[in-house]
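*Asks:* This is the structure, below, for whatever I ask next.
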Amino acid sequence: MATTRKPGPSRGGPPKSGGPRTSRPGAPKKRKDAGGRADKPKMSRAQHERARPNPNRPLREDLVLQACLEAYGGVRREGRLSDRALEFVLRRKTALYSTERRAVAERVYALLRRQRTVDFLLEKSHKKFDTLDATRQDVMRLAASRILHGEDPTYVARSSGLTGPDVSVLDRLPDAAADLDALPEAKRFPIAASLPDFLADRFKAVFGKDASRAAEAMNERAPLIVRANTLKGDRAQLQDRLAAEDVESTKPTALSPFGLVMETRLNLFSLQDFKDGGFEIQDEGSQLLGMLVDAPPTRVVDACAGAGGKTLQLAAQMKNRGDLHALDVDEGRMEDLRKRARRAGVHNVRTQIIPHEGPDADAALTPLKGLADRVLVDAPCSGSGTFRRKPDARYRLTPEDLEMHVGRQKALLARFAMLVKPGGRLIYGTCSVLREENENVVEDFLSKHPDFSVRPVAEVLGAELGAKLGPGPFLRLAPHTHGTDGFFGAVLVKAK
Numbered sequence: 002m003a004t005t006r007k008p009g010p011s012r013g014g015p016p017k018s019g020g021p022r023t024s025r026p027g028a029p030k031k032r033k034d035a036g037g038r039a040d041k042p043k044m045s046r047a048q049h050e051r052a053r054p055n056p057n058r059p060l061r062e063d064l065v066l067q068a069c070l071e072a073y074g075g076v077r078r079e080g081r082l083s084d085r086a087l088e089f090v091l092r093r094k095t096a097l098y099s100t101e102r103r104a105v106a107e108r109v110y111a112l113l114r115r116q117r118t119v120d121f122l123l124e125k126s127h128k129k130f131d132t133l134d135a136t137r138q139d140v141m142r143l144a145a146s147r148i149l150h151g152e153d154p155t156y157v158a159r160s161s162g163l164t165g166p167d168v169s170v171l172d173r174l175p176d177a178a179a180d181l182d183a184l185p186e187a188k189r190f191p192i193a194a195s196l197p198d199f200l201a202d203r204f205k206a207v208f209g210k211d212a213s214r215a216a217e218a219m220n221e222r223a224p225l226i227v228r229a230n231t232l233k234g235d236r237a238q239l240q241d242r243l244a245a246e247d248v249e250s251t252k253p254t255a256l257s258p259f260g261l262v263m264e265t266r267l268n269l270f271s272l273q274d275f276k277d278g279g280f281e282i283q284d285e286g287s288q289l290l291g292m293l294v295d296a297p298p299t300r301v302v303d304a305c306a307g308a309g310g311k312t313l314q315l316a317a318q319m320k321n322r323g324d325l326h327a328l329d330v331d332e333g334r335m336e337d338l339r340k341r342a343r344r345a346g347v348h349n350v351r352t353q354i355i356p357h358e359g360p361d362a363d364a365a366l367t368p369l370k371g372l373a374d375r376v377l378v379d380a381p382c383s384g385s386g387t388f389r390r391k392p393d394a395r396y397r398l399t400p401e402d403l404e405m406h407v408g409r410q411k412a413l414l415a416r417f418a419m420l421v422k423p424g425g426r427l428i429y430g431t432c433s434v435l436r437e438e439n440e441n442v443v444e445d446f447l448s449k450h451p452d453f454s455v456r457p458v459a460e461v462l463g464a465e466l467g468a469k470l471g472p473g474p475f476l477r478l479a480p481h482t483h484g485t486d487g488f489f490g491a492v493l494v495k496a497k
């Protein structure tokens with residue numbers, strides 16, 4: 002894989018390929034099995050027991066609760082992103098079994114998805130809830146969330162260490178829920194949907210009478226989806242390889258021909274097939290947006306490549322032929338992409354760091370001007386289509402943030418349009434469900450670039466798949482209609 006980067010000091014270290022590797026003097030050589038793979042370090046019996054899932058082993062609720070409190074507190078009071086907060090806590094909680102670690106993550110995410118609802122119910126059930134100390138509030142939040150998700154109230158109270166008046170508060174939750182249902186719809190919906198008011202208004206504008214269904218689906222746990230790397234084999238072959246590693250509970254995705262739904266939660270990164278580049282973790286909606294590029298083996302640009310999820314998908318579409326240019330402003334993400342590309346067996350990608358804006362940014366793009374058959378602009382956005390995976394993002398987003406995203410999206414689309422050759426395609430995508438970031442951006446672009454026109458997605462993906470995706474010229478995905486994360490895509494063709 003070729004790389005374009007500014008000159009700088011050598012990073013040192015052993016060569017990544019093509020040269021001899023040396024080991025530290027006196028270091029023991031790693032034994033290799035018949036397939037040439039180095040033996041894994043031996044695990045102690047205790048480590049094996051902790052790593053092995055055992056659904057019949059009871060949770061040590063005191064340890065689980067403490068980890069939940071630390072992770073949730075990291076999000077709510079320290080401003081950490083939910084995935085980072087969980088990673089930080091669970092990395093240090095080495096004594097937890099795998100089932101307990103999973104319980105911590107699921108309980109914290111479940112509370113974050115329903116946080117506004119839970120706070121309303123507790124404040125209704127306990128008139129002085131906001132005067133309680135922070136830890137006690139969080140214990141009761143976690144308990145209320147578990148009850149809302151169907152757990153037995155008596156067991157929840159006991160396993161949370163709650164007694165006396167606190168148990169009475171939990172007993173009053175059904176009455177508080179009735180109070181919520183009795184509110185006027187304009188007040189009820191934002192609380193029931195657990196959305197800030199301004200986002201609730203936008204959900205109603207986008208989804209209309211289906212707004213409640215859409216919000217409810219955003220508050221469910223997202224499925225775990227992988228994409229078969231077709232450079233290594235198709236989806237059926239991936240299923241066979243996973244079954245050989247005792248991963249048999251998988252089923253094909255309904256829309257993407259490359260996806261598998263993992264019906265049980267497991268550490269995919271530990272699987273040999275992942276290490277061999279056989280698959281990538283990628284939501285089905287993201288796969289469909291990648292399919293919309295329909296990348297030929299000529300010259301393709303992934304303009305906002307990030308860590309490269311769609312870049313690798315495009316490389317597979319191109320069968321490792323042609324030139325695939327992956328651009329981004331972040332060197333760290335580009336380095337992640339290079340590592341992932343090596344694992345996936347991708348070698349037609351050229352990575353390039355580009356400045357955010359200004360003359361240097363335009364100069365960096367000049368060599369590609371008017372030469373690309375496809376340009377994908379998977380623009381930074383609000384992430385409103387991924388709230389079920391990143392539930393805390395809804396509480397961080399402000400109207401000012403949304404306005405900033407829209408301005409950046411318009412600028413990016415206009416900037417990268419100059420790379421498209423006559424007859425080529427510009428594909429605009431977001432992981433947002435909001436009209437401001439989607440149709441409105443496309444309409445603004447077309448009003449200023451009359452040499453581009455919309456090509457309906459059904460003409461790109463085929464009539465059969467297009468019919469499943471729904472009417473209209475654009476790709477519009479949402480959890481309640483397609484089971485995917487929320488995505489938007491538009492194909493814009495440049496006149497010849």
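Numbering (the numbering used here), first residue to last: 2 to 497. Idealized CB from N, CA, C, for every residue including glycine.
With C-beta atoms as the reference, is Val-105 less than 8 Å away from Leu-112?
*Replies:* No.
*Asks:* Let me confirm a value: Ser-169 is counted as buried when at least 16 other C-beta atoms fall within 10 Å, else exposed. Which label applies?
*Replies:* When all chains shown are included, Ser-169 counts as exposed.
*Asks:* Going by DSSP, what residue range makes up the alpha helix (DSSP H) through Thr-482?
*Replies:* Unbroken alpha helix (DSSP H) run through Thr-482: 480-483.
*Asks:* Is Leu-261 closer than 8 Å to Leu-239 when the C-beta atoms are compared?
*Replies:* Taking 8 Å as the Cβ cut-off, Leu-239 and Leu-261 qualify as a contacting pair.
*Asks:* Could you check the C-alpha separation between Val-225 and Pro-360 for me, to the nearest Å?
*Replies:* Looking at the sequence shown, residue 225 is not Val but Leu. The straight-line gap from Cα to Cα measures roughly 42 Å.
*Asks:* Please report the Cβ distance between Asp-379 and Cys-305, rounded to the nearest whole angstrom; I am assuming they are in contact, meaning their Cβ atoms lie under 8 Å.
*Replies:* Contact holds; Cβ gap of about 5 Å.
*Asks:* Is Tyr-156 buried or exposed, if buried means 16 or more other CB atoms sit within 10 Å of its CB?
*Replies:* Exposed, by the Cβ-count rule.
*Asks:* Just reading off the beta strand (DSSP E) that Ile-354 is part of, what are its end residues?
*Replies:* That run of the beta strand (DSSP E) goes 350-354.
*Asks:* For Thr-387, count neighbouring C-beta atoms within 10 Å of its own C-beta (all shown protein chains included) and say buried if the count is 16 or more, exposed if not.
*Replies:* By the 10 Å Cβ count, Thr-387 comes out buried.
*Asks:* On the DSSP bridge assignment, give the partners of His-326 in chain order.
*Replies:* Answer by DSSP bridge pairing, in chain order: Val-302 and Arg-351.
*Asks:* Nearest to Gln-353 by CA position, among Arg-344, Leu-462, Thr-367 and Ala-345, is which residue?
*Replies:* Among Arg-344, Leu-462, Thr-367 and Ala-345, the Cα nearest to that of Gln-353 is on Thr-367.
*Asks:* Under a three-way DSSP split, which group does Glu-281 fall into?
*Replies:* In this structure, Glu-281 counts as strand in the three-state DSSP scheme.
*Asks:* Mind checking who Pro-59 pairs with in its DSSP beta bridge?
*Replies:* Per DSSP, none; premise fails for Pro-59.
*Asks:* Bridge partners of Thr-431, per DSSP?
*Replies:* For Thr-431, which the question treats as bridged, DSSP gives the partners Phe-489.
*Asks:* Whose C-alpha, out of Ala-86, Leu-133 and Ala-96, is nearest the C-alpha of Tyr-110?
*Replies:* Nearest of Ala-86, Leu-133 and Ala-96 to Tyr-110, Cα basis: Ala-86.
*Asks:* Give me the Cα-Cα distance between Pro-29 and Glu-404, rounded to the nearest whole angstrom.
*Replies:* Residue placement at Pro-29 is poorly supported in this model, since its pLDDT is 41, which falls under 50; the coordinates still yield a value, given next. Each residue's alpha carbon lies about 58 Å from the other.
*Asks:* Taking the continuous beta strand (DSSP E) assigned at Ser-126, which residues delimit it?
*Replies:* Taken as a continuous stretch (DSSP letters only), Ser-126 belongs to no beta strand (DSSP E), being part of the alpha helix (DSSP H) at 116-126.
*Asks:* In whole angstroms, what is the alpha-carbon distance linking Ala-237 and Val-248?
*Replies:* Cα to Cα, Ala-237 sits roughly 13 Å from Val-248.
*Asks:* At the level of alpha carbons, what is the spacing between Cys-382 and Asp-393?
*Replies:* If you take the alpha carbons of Cys-382 and Asp-393, they lie about 15 Å apart.
*Asks:* Quick one, which of Lys-320, Arg-389 and His-348 has its alpha-carbon nearest Arg-222's?
*Replies:* If we check each option's Cα against that of Arg-222, Arg-389 comes out closest.
*Asks:* The alpha helix (DSSP H) with Ala-201 in it runs from where to where?
*Replies:* Segment 198-208, the alpha helix (DSSP H) holding Ala-201.
*Asks:* What are the boundary residues of the beta strand (DSSP E) that Asp-379 is part of?
*Replies:* Segment 373-379, the beta strand (DSSP E) holding Asp-379.
*Asks:* Measure the CB-CB distance between Gly-209 and Phe-488 and report whether it falls below 8 Å.
*Replies:* No, Cβ-Cβ distance for Gly-209 and Phe-488 is not below 8 Å.
*Asks:* Taking the alpha-carbon positions, what's the Asp-40 to Phe-270 distance?
*Replies:* Residue placement at Asp-40 cannot be trusted, given a pLDDT of 44 that sits under 50; what the coordinates show is reported in the next sentence. Asp-40 and Phe-270: Cα-Cα distance of roughly 17 Å.
*Asks:* What does a CB cutoff of less than 7 Å around Ala-296 pick up in its chain, not counting 5 residues either side in sequence?
*Replies:* Contacts found: Leu-315, Gln-318, Met-319 and Arg-375.
*Asks:* So what's Ser-250 in DSSP terms, helix, strand or just coil?
*Replies:* If DSSP states are grouped into helix, strand and coil, Ser-250 belongs with coil.
*Asks:* Check whether the region 138-149 touches the region 58-76, taking contact to mean three or more Cβ pairs, one atom from each stretch, closer than 8 Å.
*Replies:* Flag = yes, the region 138-149 and the region 58-76 touch.
*Asks:* In its own chain, which residues sit with a C-beta less than 6 Å from the C-beta of Pro-356, not counting the 5 before and 5 after it?
*Replies:* Ala-362.
*Asks:* Between the beta-carbon of Lys-370 and the beta-carbon of Leu-420, is there less than 8 Å?
*Replies:* Contact flag set, yes.
*Asks:* Taking buried to mean at least 16 other C-beta atoms within 10 Å of its own C-beta, is Arg-58 buried or exposed?
*Replies:* Arg-58 should be labelled exposed.
*Asks:* Determine whether the beta carbon atoms of Gly-291 and Asp-337 lie at a separation below 8 Å.
*Replies:* Result no, Cβ atoms of Gly-291 and Asp-337 do not sit closer than 8 Å.
*Asks:* From the DSSP output, in three-state form, read off Arg-477 for me.
*Replies:* It is a strand residue.
*Asks:* Restricting to Cα atoms, I'd like to know which of Val-494, Glu-332 and Pro-298 is closest to Asn-321.
*Replies:* Ranking the options by Cα distance to Asn-321, first place goes to Pro-298.
*Asks:* As a quick exercise: from Asn-230, Asn-220 and Asn-441, pick the residue whose alpha carbon is nearest that of Gly-346.
*Replies:* If we check each option's Cα against that of Gly-346, Asn-230 comes out closest.
*Asks:* What's the gap between the Cα of Glu-50 and the Cα of Thr-95?
*Replies:* Summary for Glu-50: the model assigns pLDDT 45, below 50, so the residue's position carries little reliability; its value from the coordinates is reported in the next sentence. Roughly 12 Å separates the two Cα atoms.
*Asks:* Find the nearest neighbour of Thr-265 within the set Leu-181, Gly-278, Ala-244 and Asp-277, judged by alpha-carbon distance.
*Replies:* Taking only the C-alpha atoms, the option nearest Thr-265 is Ala-244.
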